[in-house]
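Visitor: Residue 130 in the UniProt record's numbering sits at position 130 of the sequence shown, and the numbers go up by one each step.
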Amino acid sequence: MINAPTENSIITETYIGYEALVSYLNESKNNWTYKGFLNLNQDVISASLPSLTNSSLTSIKWQSFDITWYKRFLECSQRLLEPNTFVELKKKMNTEHLCYPNRLQAYWKEVIKECEKENLATNITTITSLPKQTQNTNIKDFSKKNINFCYDILDELTSTSYAYSFFKFIF
Numbered sequence: 001m002i003n004a005p006t007e008n009s010i011i012t013e014t015y016i017g018y019e020a021l022v023s024y025l026n027e028s029k030n031n032w033t034y035k036g037f038l039n040l041n042q043d044v045i046s047a048s049l050p051s052l053t054n055s056s057l058t059s060i061k062w063q064s065f066d067i068t069w070y071k072r073f074l075e076c077s078q079r080l081l082e083p084n085t086f087v088e089l090k091k092k093m094n095t096e097h098l099c100y101p102n103r104l105q106a107y108w109k110e111v112i113k114e115c116e117k118e119n120l121a122t123n124i125t126t127i128t129s130l131p132k133q134t135q136n137t138n139i140k141d142f143s144k145k146n147i148n149f150c151y152d153i154l155d156e157l158t159s160t161s162y163a164y165s166f167f168k169f170i171f
């Protein structure tokens, strides 16, 4: 059962995922599980991770993310659910944590990996500005120098025993 919020009990939370958590607890009708919430709201959970750390995301941090969301789930459940229902849910959550730690670890590592991919994609698409001034250089000078350098290398290679393996890639 859900506790009806009173005028004094309305608490506004500001963390990413709070609304998803409240919605899950209001709509799931006694089928609540911590892992069920995580699976259903993986995109929201992933979006919240950068706000939970000041450093880069690594799979080593999965336990701190899990503890944070575990506490959030418990606190929100305690506020929204009837006391007896909350006690049962808390038992279920403890069992879930004790019996399936590898599943939770795999879940968090996957979420962190996806979050890192999204951050990498964002960083790649950032356009850096090029310098406005260009320098005129004589391309022919560089070309001649490079060609002469290559000829010198080829000349040195012809006198070695392993030259054949090099030449088969060139010609």
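For each residue, glycine too, the CB sits at the ideal point set by N, CA and C.
Computed from a predicted model, the values in this text were never measured in an experiment.
Return yes when the Cβ of LEU25 is within less than 7 angstroms of the Cβ of LEU104, no when it is not.
Guide: No, the pair does not count as a contact, with Cβ atoms beyond the cut-off.
Visitor: Going straight from the alpha carbon of LYS109 to that of TRP62, what length do you get?
Guide: Looking at the two C-alpha atoms, the distance is approximately 6 angstroms.
Visitor: Could you work out which residue in LEU38, THR53 and CYS99 is closest to TYR70 when comparing CA atoms only?
Guide: Of the candidates LEU38, THR53 and CYS99, the one whose C-alpha sits nearest the C-alpha of TYR70 is LEU38.
Visitor: Taking Cβ positions, are SER46 and CYS115 nearer each other than 7 angstroms?
Guide: Contact flag set, yes.
Visitor: Out of ASN30, LYS29, SER48 and GLU156, which one is the CA nearest neighbour of VAL111?
Guide: Closest by alpha carbon: SER48.
Visitor: Alpha carbon to alpha carbon, what distance is there between ASN102 and ASN94?
Guide: Rounded to the nearest angstrom, the two C-alpha atoms are 14 angstroms apart.
Visitor: Using 10 angstroms around the beta-carbon of SER51, count the other beta-carbons present and answer buried if the total reaches 16, otherwise exposed.
Guide: Looking at its Cβ environment, which holds fewer than 16 other Cβ atoms inside 10 Å, SER51 is exposed.
Visitor: Can you tell me whether ASN148 is buried or exposed, with buried defined as 16 or more other CB within 10 angstroms of its CB?
Guide: With fewer than 16 Cβ atoms within 10 Å of its Cβ, ASN148 is classed as exposed.
Visitor: Could you name the residues of the same chain whose beta carbon sits closer than 8 angstroms to that of GLY17, not counting the 5 residues immediately before and after it, in chain order?
Guide: Closer than 8 angstroms at the Cβ level, and outside the excluded window around GLY17, lie ASN41, VAL44, ILE45, ALA47, SER48, TRP69 and ARG72.
Visitor: Could you check if SER77 is buried or exposed, using at least 16 other CB atoms within 10 Å of its CB as the buried criterion?
Guide: Flag for SER77 reads buried.
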